[in-house]
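Working notes for the structure below.
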Amino acid sequence: MSDDANGFTRRRLVAGAGAAGVGIGLGGAGYLIGRETAEDSTHLGETVPFYGGRQAGIDTPAQDRLHFAAFDLTVETAAELRDLLTEWSHAAAEMTQGKMVGNNNNELLAPPDDTGETVGLRPASLTVTFGLGPDIFERDGHDRFGLRSRRPHALRQIDPLPGDLLDPEHSGGDLCVQACSNDPQVAFHAVRNLARLGRGSVVMRWSQLGFGRTSSTTRSQVTPRNLMGFKDGTRNLRAEDTEAMRRFVWLGEGDDVPWMADGTYMVTRRIRMLIEIWDRSALLDQEDTIGRQKYSGAPLGEKEEFDPLDLGARRNGKPVIPADAHVRLASAEDNGGAQILRRGYSFTDGVVEELGELDAGLFFICFQRNPKTQFEAIQRRLGSIDALNEYIKHTSSAVFAVPPGASEGGYVGEGLFS
Ligand code: HEM
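For my numbering, count along the sequence shown from 1 and bump the result up by 1.
Listed below in structure tokens is the structure:
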């Protein structure tokens with residue numbers, strides 16, 4: 002990346018210009034098409050430290066691109082797993098700082114350690130976040146690595162949920178790598194090089210590319226739109242809400258197994274949108290389905306995006322926000338207080354062959370202290386009665402324990418072995 006051997010100037014310096022609003026009026030509403038210009042979402046020159054008490058890629062500002070991969074372990078001992086996590090952490094630290102992986106990149110008679118496609122690119126806020134799947138601690142009743150006694154308490158497979166149409170081959174996994182960057186090639190490079198380093202120890206089980214973050218994780222970011230055209234992330238938790246982040250996202254001392262303090266849990270769901278059906282539904286139906294106005298993002302009955310969500314408001318004897326609206330059913334007020342940090346991405350994977358329809362939607366990622374009482378509890382209700390169900394299908398699911406960050410020279414997951 003910054004080791005640009007040929008001294009090329011960085012490409013895409015003007016990428017931000019393409020993302021700016023182009024000022025095309027949208028009928029009477031007069032909204033701009035394109036991103037709000039208040040924020041330069043590209044941050045191509047920025048780096049995010051890999052080392053730290055908590056892993057990056059959770060409450061650090063959500064970047065615009067994702068390459069997510071889940072791997073199955075083919076090694077058989079805890080020592081081999083530890084070696085892999087050590088090597089991966091070291092390589093991730095180098096890549097996030099814009100360095101090439103490995104030392105052997107100039108030997109003419111050998112394949113270079115680094116695959117090379119980021120030479121000349123900047124890290125663009127690359128973060129690499131690692132997670133551990135439940136099968137590491139026990140698979141089919143078998144303690145594969147002798148680590149059963151160290152299993153994070155809340156790490157359990159996600160139970161089948163209402164409306165699930167999951168593809169098992171595109172679900173689960175022993176390990177995950179979430180690579181986020183504002184340059185898609187940088188995110189791809191991270192996953193590719195970790196997969197390469199892991200050859201002989203892991204096989205890639207499934208992977209997912211994402212574009213266009215669908216939530217904001219800090220107050221400095223504007224709220225993006227998902228592929229349904231709605232602002233997504235308005236009432237998300239934010240890094241600045243330190244008290245709420247401690248309550249809902251970060252594990253503290255004594256919350257779980259001791260080595261998970263400052264860690265969290267990640268749930269991923271690939272949610273296909275039935276875009277053709279959605280696109281044929283009236284604006285009124287779309288807004289009733291979500292419970293917010295499409296262009297402003299304001300709650301129904303309100304004016305501005307961040308106006309309070311008044312779930313008790315009624316007009317002509319009916320709730321202003323319908324009983325089955327997504328925001329009502331997903332809200333903490335309606336879920337016994339449960340909240341999650343959302344950090345998902347839009348995806349498009351070509352065409353669903355049998356239907357001739359776009360295979361596109363939301364690759365939902367969320368972080369929480371306990372998947373069962375947070376994600377699962379919310380999704381159990383959403384899956385049964387959310388008006389949005391008419392327009393979506395959950396096709397993949399996975400859960401991972403996300404250990405705390407590594408200190409300089411250490412590795413992610415170190416506490417598991419000490
Ligand atoms: C394709 C599927 C989905 C779409 C299109 C979608 C879209 C949205 C939109 C537009 C909002 C309103 C803006 C905001 O506050 O962020 C929202 C809110 C929310 N969604 Fe989703 N969502 C989806 C799936 C999910 C899932 C699977 C969950 C969790 C199980 C979830 C949890 C939430 C939560 C917690 C809120 C905030 C509710 C509030 O307190 O106001 N969403 N979603």
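Backbone N, C-alpha and C fix where the C-beta goes; we use that ideal spot for every residue, glycine too.
Any non-hydrogen atom of the ligand HEM closer than 6 Å to residue i Cβ
{"i": "L363", "result": "yes"}
{"i": "A324", "result": "no"}
{"i": "N227", "result": "yes"}
{"i": "A314", "result": "no"}
{"i": "S202", "result": "no"}
{"i": "D233", "result": "yes"}
{"i": "Q380", "result": "yes"}
{"i": "S398", "result": "no"}
{"i": "A240", "result": "no"}
{"i": "R236", "result": "yes"}
{"i": "A331", "result": "yes"}
{"i": "L284", "result": "no"}
{"i": "I59", "result": "no"}
{"i": "L67", "result": "no"}
{"i": "I291", "result": "yes"}
{"i": "V187", "result": "no"}
{"i": "I366", "result": "no"}
{"i": "L310", "result": "yes"}
{"i": "V178", "result": "no"}
Contacting residues, own chain, Cβ-Cβ under 7 Å from residue i (five flanking each side not counted)
{"i": "A407", "result": "Y52, S90, V413 and E415"}
{"i": "G28", "result": "The predicted model places G28 with a pLDDT of 36, which falls under 50 and marks its position as unreliable, so this point remains unresolved."}
{"i": "E118", "result": "Q186 and H190"}
{"i": "Y346", "result": "L67, G211, F212, G213, R214, T215 and F364"}
{"i": "M205", "result": "A70, F72 and A196"}
{"i": "A30", "result": "The pLDDT assigned to A30 is 38, lower than 50, so where the model puts this residue is not dependable, and the model offers no usable value."}
{"i": "G26", "result": "Only weak support is given to the placement of G26: the predicted model assigns it a pLDDT of 35, under 50, and the value that follows is read from those uncertain coordinates. Closer than 7 Å at the Cβ level, and outside the excluded window around G26, lies no residue."}
{"i": "E409", "result": "Y52"}
Beta-carbon contacts of residue i that lie in its chain and below 8 Å, excluding the five residues immediately before and after
{"i": "A111", "result": "N105"}
{"i": "Q158", "result": "P135, G173 and V400"}
{"i": "R316", "result": "G302"}
{"i": "N194", "result": "A92, M96, V102, D115 and T116"}
{"i": "M261", "result": "P153, L252, A402, P404, P405 and G416"}
{"i": "V328", "result": "R236, I291, G292, R293, P300, L310 and I322"}
Beta-carbon contacts of residue i that lie in its chain and below 6 Å, excluding the five residues immediately before and after
{"i": "R271", "result": "F364, T396 and S397"}
{"i": "F418", "result": "R83"}
{"i": "T269", "result": "I366 and A399"}
{"i": "D165", "result": "H395"}
{"i": "T88", "result": "The amino acid occupying residue 88 in the given sequence is Glu; Thr does not appear at that position. Closer than 6 Å at Cβ, skipping near neighbours: L198."}
Residue i - partner residues in DSSP beta bridges
{"i": "Y422", "result": "Residue 422 is absent from the structure shown; the chain starts at 2 and stops at 419."}
{"i": "Q471", "result": "Residue 471 cannot be examined here, being either before or after the span of the chain that is shown, 2 to 419."}
{"i": "K232", "result": "R226"}
{"i": "A180", "result": "H68 and V129"}
{"i": "K394", "result": "R273"}
Beta-carbon separation (whole angstroms), residue i vs residue j, contact threshold 8 Å
{"i": "D308", "j": "P300", "result": "6 Å"}
{"i": "S217", "j": "G234", "result": "5 Å"}
{"i": "L330", "j": "R382", "result": "5 Å"}
{"i": "R465", "j": "L45", "result": "The shown model of the chain, from 2 to 419, leaves out residue 465, and the question about it has no answer."}
**Prompt:** Are there three or more Cβ pairs, one per stretch, closer than 8 Å when the stretch 137-153 is compared with the stretch 372-387?
**Reply:** no
**Asked** Touch check for the stretch 288-301 and the stretch 369-382: three-plus C-beta pairs under 8 Å?
**Response** no
**Asked** For the 8 Å Cβ check, are there 3 or more pairs between the stretch 95-105 and the stretch 220-229?
**Response** no
**Message:** For the structure I just gave you, are there three or more beta carbon pairs, one from the stretch 316-331 and one from the stretch 237-257, closer than 8 Å?
**Reply:** With a cut-off of 8 Å, the stretch 237-257 and the stretch 316-331 do not count as touching, because too few Cβ pairs lie within range.
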